[in-house]
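These protein sequence lines map, in sequence, to chains A, B and C. Each residue of the first sequence is one higher than the one before, starting from -3 at the first, in the working numbering. Each residue of the second sequence is one higher than the one before, starting from 565 at the first, in the working numbering. Each residue of the third sequence is one higher than the one before, starting from 173 at the first, in the working numbering. Beta carbons are placed, not taken as given, at the ideal position from N, Cα and C, and that holds for glycine.
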Amino acid sequence: MKSRTRNYLAASAATAATVLAASAAQSANLTLCWAAWDPANALVELSKDFEAQSGHKMSFEFVPWPNFADRMLNELNSAGQLCDLMIGDSQWIGGAAESGHYVKLNDFFAAQGIDMADFIPATVTGYAEWPKGTPNYWALPAFGDVVGWTYRKDWFSRPELQAEFQAKHGRPLDAPKTLEELKQVAEFFQGREIDGKTVYGASIYTERGSEGITMGVTNALYNYGFQYGNPANPYELEGFVNSADAVAGLEFYKSLYDCCTPPGSSDWYMSENIDAYKSGQVAMQMNFAFIWPGVHADPNVGGDRSGYFPNPAGPNGHFAQLGGQGISVVSYSDNQDAALEYIKWFAQPAVQQRWWEMGGYSALRAVVEDPSFATSQPYAQTFLDSMAIVKDFWAEPAYASLLLAMQDRVHNYVVAGNGTAKEALDGLVQDWIEVFKDEGKL
Amino acid sequence: MSATSPTEPSARLKLVSGLLVGLYAIITILPLLWIIATGFKSSADAIAYPPKLVFEPTLEGYVNLFTTQTRQTPEMLAANPPTTWYERIVSEKGMVIAGPSRFGERFLNSVIIGFGSTFLSVFLGTLAAYAFSRYRVPLKDDLLFFILSTRMMPPIAVAIPIFLMFRTLGLSDTHAGMILLYTAVNLSLAVWLLKGFIDEIPREYEEAALIDGYSRFQAFVKVVLPQAATGIASTAIFCLIFAWNEYAFAVLLTSGTAQTAPPFIPTIIGVGGRDWPAVAAGATLFLVPVMVFTILLRKHLLRGITFGAVRK
Amino acid sequence: MPETVIERAAAATPARIARPLRSLSDRALAWIFIAPTIFLLLAVNIFPLIWTIRLSFTNFRANRPNAEVAFVGLENYRRILTDPDVWATMQVTAHFLLWTLFLQVVIGFALAWLINQKFRGNDLWTTIIVLPMMLSPAVVGNFWTFLYQPQIGLFNSAVSFFTGGDPAGFSMIGEVALAPWAIVIVDTWMWTPFVMLICLAGLRSIPQSIYEAAECDRASKWRQFRTITLPMVLPFLMLAVLFRGIENFKMFDLVVQLTGGGPGSTTEPTSITLKREAFEKWRTGYASAYAIILFVAVFGISSIYVKALNAVKAR
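Structural data, given as structure tokens:
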């Protein structure tokens, strides 16, 4: 780390420590709610620092992803007091802001000198702002995440496979740069015998119940030219959601599912993809970046055996689906002051640096723009490249209805094979128009 | 080869029946045995393909079920060597135990809410069933059908207003709220079952007691209850099975404090992926109390299941 | 009679409480006994039902309790009854109901009849067969996704063992044609014992004397079965069908864990749609109307069915 940065970090840490020590009045019991996944465990470790400094006691409520939205939205809608701090999904911002679930943080940020310009712009827009594009903040960007790809570098570097692929496609077997290349690589591996077992091309998102297949298909749709609506008038959907390009993108995703995925992968999301990859079933997996530390450390596929690449480009775009969350204070909490202290502590550059070191994807620019960041881990560069091309789903208050409609239509076409891609997207437009009419936006 | 009586099945029929039933029993128990076995497999063995029939048993699943773990750097691991057998299992994966998991709490919640509501519904149900059985209640048949019909709504449908009600009354995510809810749902079944049993008890016994100078209440306690004991036992089994295994209400109306095991077990996540041995371990442990309760009271099951329609 | 717990409890009740209780008139006692039950049922079943009815005429959304609530009359009902997706889910539910009931009745009755032949060890086998009933449907559904996995699951391996095919060749949960059967198989596995127990009780309630008389009349076994066994077990069978039918109509836990309604909406029964509308989209008014429609349907069908059942019982 450059000495300038180190000084900066040390100075902020010292200031923050004194301020925190001074303001620690009585100790409170704070509960932080998040999804149950590796980063959460890292946060538990990290928070011990906060406990020591502030004297507050932290407890955690972690729920696995498939049930996270259901459970936590239920909790918020019942004005529950389980959570003081919520690291909620980026799509909840609209609903949470408008229904008053989250505390608005503008004044707090101003008073504490927390500047949103210090964070990656995509994360500020994605995790903190509502309405989008306006300086109204409801969360501090806590965990940057984006869909990327992991591949078996050890298989890719086998000489016989290299030779065969080179002969077939006229280019080396390497991390694909376009979606077409991705499909070719996946087809190459589909059904191949490696080390005595049949392997398959890729595992992708196909989960029906919560948000899985949507989070997967958008990576194809965006890059073929799908748009959520007219950029000039966001609620004008016809011709943008179901344009010919969008149809081509959806057809691509289905062809990828049909040709190159393991059998029985009709309802797969993050855990199943990880399982398939780690057990040696697939050559590539589509997954959010949070898995990369775990992959790197895995005894079977870790270290040099795995490589990472950002979502490949398509004919009409190069995007990746945004994941990630911001940390908010729940407005029903009785411990809002202590909760705000936590956010203030978390926002410190020194803490954010440690967060990255422990496996959390910090959204602070000081951390990710530091020259040593890109080489600190094998996946760091891919993370940077991916965060530069993110695009997010709707964050409207009615996002759940929009999401459910897309889950239904897309799964129906891609997995169940009903109808055509055009019909699916036309139907989706109708569904979304109905939702917006209900909301009074149309 | 003559049977002892003309209606006694022949030896050959008995053999064939025995074999067929035995075959069905084996097929039907296989999935359950597989679940129990998976609880003792390592994570890698559990997701091996093709599925492994022979494997080296380990308690990793159970340890994962009861603890939360975090990954640590190799230096940190070397600095804190494992002392107990379970710590050793965890450190082999490069992790360290961070604390107990929520499973113990959830299991305890299931015990409290399950047994609590069973007791309450059997208690109230016996009283009500007695009244329905012995007294001329206006519109009795219709009232009984109405009580039965309260079970006909899908739980989700009932959950909508209950959700709103609990939110207003502050009963969301409380033990009391869930016990009340399960009791109310079980009451209909309990009243129906117990009425059938109490109907069987001849009134002459009570009348004899009344003549002897006992009051109605004493007659109820001293005469009717002991005779209805088997019926009460079998009602209790059904009420417990329902309250123990219930999922829909639990998933919608409980959260951190009062959540029971069924919403929790399917969500047990391991390092990144689904932790099948832990899920299997959880499912196995969760099955044990009900299984024990049922095996002990299995003789009463048969009577209960026909709502007292079978004479003793 | 030996002293039971109840008797000892009664004896131990302090006189201060016991005396007024003992001196209660019959009428008062009856009302005291019934009151808590009626109260609880009213509070938790009837009052919510009325509230649901009221909600169904509004556009209330539970996640926006402070928003304006408007009465929309029959709008919600109209939308539901004219929505083709709703009829599709009703079809899924009906298909599921029909097949599970059919299989459970046939297998359950057959098992009961076999067990009734009183071979040695039938107590053990009965206990084993009954075990699946004790499990939580949600946990069962979750676990069967594991068993149904083409590569690592037991089910596909077993099937391919017997048919010689490739275990990865089919996917119970992933294929549109097979997914409904995946659910039917699991439900049958779980609940056939229930039907079996009822039929067994029914079979055992038939007095041997009737059979002996028939033997004396030299009626064939098949004739006995047709004229004695079946008619006398019929009320029990119908009772089993009633209870399984009501339960499977409400089926939620198992399906939500097993397929989540997929692939697409192929296995989405009405209860899952209801849950999505009510607790994910938070269209409370709309969902309430849906709930009322379902309730009326079940209530209507069961009323008719129970009348038929009583007629059969009376015979």
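Identify the contact partners of residue 76(A) in chain B, using a Cβ-Cβ distance below 7 Å as the criterion.
By Cβ distance, chain B contributes 736, 737 and 819.
Per DSSP, what kind of secondary structure is residue 588(B) in: helix, strand or coil?
Three-state result, residue 588(B): helix.
Which residues in chain C have a C-beta closer than 7 Å to the C-beta of residue 840(B)? List them in chain order.
318, listed in chain order.
Quick one: complete alpha helix (DSSP H) runs, 4+ long, within the segment 788 to 850 of chain B?
Those alpha helix (DSSP H) runs which fall completely within the segment 788 to 850 of chain B and span 4+ residues are 789 to 809, 812 to 817 and 825 to 828.
Given that a residue counts as buried once 16 or more other Cβ atoms are within 10 Å of its Cβ, and exposed if not, what is residue 274(A)?
Label assigned to residue 274(A): buried.
Please list the residues of the segment 234 to 254 of chain C that have a C-beta atom closer than 7 Å to any C-beta atom in chain A, keeping them in chain order.
Flagged, chain order: 234, 235 and 236.
Could you check where the alpha helix (DSSP H) with residue 210(C) kicks off and where it finishes?
Where residue 210(C) is concerned, the enclosing alpha helix (DSSP H) stretches over 198 to 213.
Buried or exposed for residue 476(C), going by 16 or more other Cβ atoms inside 10 Å?
By the neighbour-count rule (16 or more Cβ atoms within 10 Å), residue 476(C) is not buried but exposed.
By alpha-carbon positions, which one of 841(B), 853(B), 709(B) and 629(B) ends up nearest to residue 315(C)?
Per the Cα distances, 841(B).
State the Cα-Cα distance for the pair residue 382(A) and residue 375(A), rounded to the nearest angstrom.
Cα to Cα, the separation comes out at about 10 Å.
Whole angstroms is fine: what's the gap from residue 699(B)'s alpha carbon to residue 211(C)'s?
One C-alpha to the other measures close to 19 Å.
One question on the structure: do residue 64(A) and residue 85(A) come within less than 9 Å of each other, judged by their Cβ atoms?
Yes, the pair counts as a contact, with Cβ atoms nearer than the cut-off.
Tell me whether residue 53(A) sits in a helix, a strand or coil according to DSSP, three-state version.
In this structure, residue 53(A) counts as strand in the three-state DSSP scheme.
Could you give the uninterrupted runs of the alpha helix (DSSP H) lying entirely in the segment 669 to 713 of chain B, keeping only those of 4 residues or more?
With a minimum length of 4 residues, the continuous alpha helix (DSSP H) runs that stay inside the segment 669 to 713 of chain B are 704 to 713.
Between residue 271(C) and the rest of its own chain, which residues show a CB-CB distance below 6 Å, the 5 nearest in sequence each way excluded?
Correct list, in chain order: 356.
Alpha carbon to alpha carbon, how far is residue 400(C) from residue 384(C)? Give it in angstroms, no decimals.
Rounded to whole angstroms, residue 384(C) to residue 400(C) spans 11 Å at the Cα level.
For a test of the three-state rule: what should DSSP assign to residue 626(B), helix, strand or coil?
It is helical.
Any idea which residues DSSP pairs residue 287(A) with across the strands?
Answer is none; residue 287(A) lacks a bridge partner.
What residue from 355(A), 354(A) and 349(A) has the CA that sits closest to residue 365(A)'s CA?
Cα-wise, what sits closest to residue 365(A) is 349(A).
For the segment 753 to 764 of chain B, enumerate the residues whose C-beta is nearer than 7 Å to any C-beta of chain C, in chain order.
Hits within the stretch, in order: 755.
Could you check whether residue 171(A) and residue 488(A) sit closer than 9 Å to each other, using their CB atoms as the reference points?
An answer regarding residue 488(A) cannot be provided, because it is not within the stretch -3 to 438 covered by chain A.
For the 8 Å Cβ check, are there 3 or more pairs between the segment 800 to 818 of chain B and the segment 732 to 744 of chain B?
Yes, they touch.
How long is the line joining the alpha carbons of residue 352(A) and residue 662(B), rounded to whole angstroms?
Going by the C-alpha atoms only, they are around 20 Å apart.
With a Cβ-Cβ cutoff of 9 Å, do residue 362(A) and residue 320(A) count as a contact?
Going by C-beta atoms, residue 362(A) is not nearer than 9 Å to residue 320(A).
Could you tell me whether the Cβ atoms of residue 318(A) and residue 91(A) are closer together than 9 Å?
Result no, Cβ atoms of residue 318(A) and residue 91(A) do not sit closer than 9 Å.
Along chain A, which residues have their Cβ under 8 Å away from the Cβ of residue 448(C)?
Going along chain A in sequence order, the residues near residue 448(C) (Cβ under 8 Å) are 400.
Of all the options 844(B), 656(B), 761(B) and 779(B), which has the alpha carbon lying nearest to the alpha carbon of residue 604(B)?
It is 844(B).
Hey, residue 330(C) and residue 367(C): beta-carbon distance below 9 Å or not?
No, Cβ-Cβ distance for residue 330(C) and residue 367(C) is not below 9 Å.
I need the straight-line Cα distance from residue 17(A) to residue 347(A), nearest angstrom please.
Here residue 17(A) scores only 49 on pLDDT, less than 50, and its place in the model is too uncertain to base an answer on.
Spell out the partners DSSP gives residue 452(A) in its beta bridges.
Residue 452(A) cannot be examined here, being either before or after the span of chain A that is shown, -3 to 438.
Could you pull the start and end residues of the alpha helix (DSSP H) that residue 660(B) belongs to?
Element bounds for residue 660(B): not the alpha helix (DSSP H) but the beta strand (DSSP E), 659 to 664.
Do you know how far the Cα of residue 280(C) is from the Cα of residue 328(A)?
Distance between the alpha carbons of residue 328(A) and residue 280(C) is about 52 Å.
Using the Cβ count rule (16 or more neighbours within 10 Å means buried), how would you classify residue 278(C)?
Label assigned to residue 278(C): exposed.
In the DSSP output, what is residue 82(A) paired with across the bridge?
Bridge partners of residue 82(A): 29(A) and 324(A).
Under 8 Å, with one C-beta from each stretch per pair, do the segment 466 to 481 of chain C and the segment 709 to 728 of chain B reach the 3-pair mark?
Short answer: they touch.
Once DSSP output is grouped into helix, strand and coil, what is the label at residue 360(A)?
Residue 360(A) falls in the strand class under three-state DSSP.
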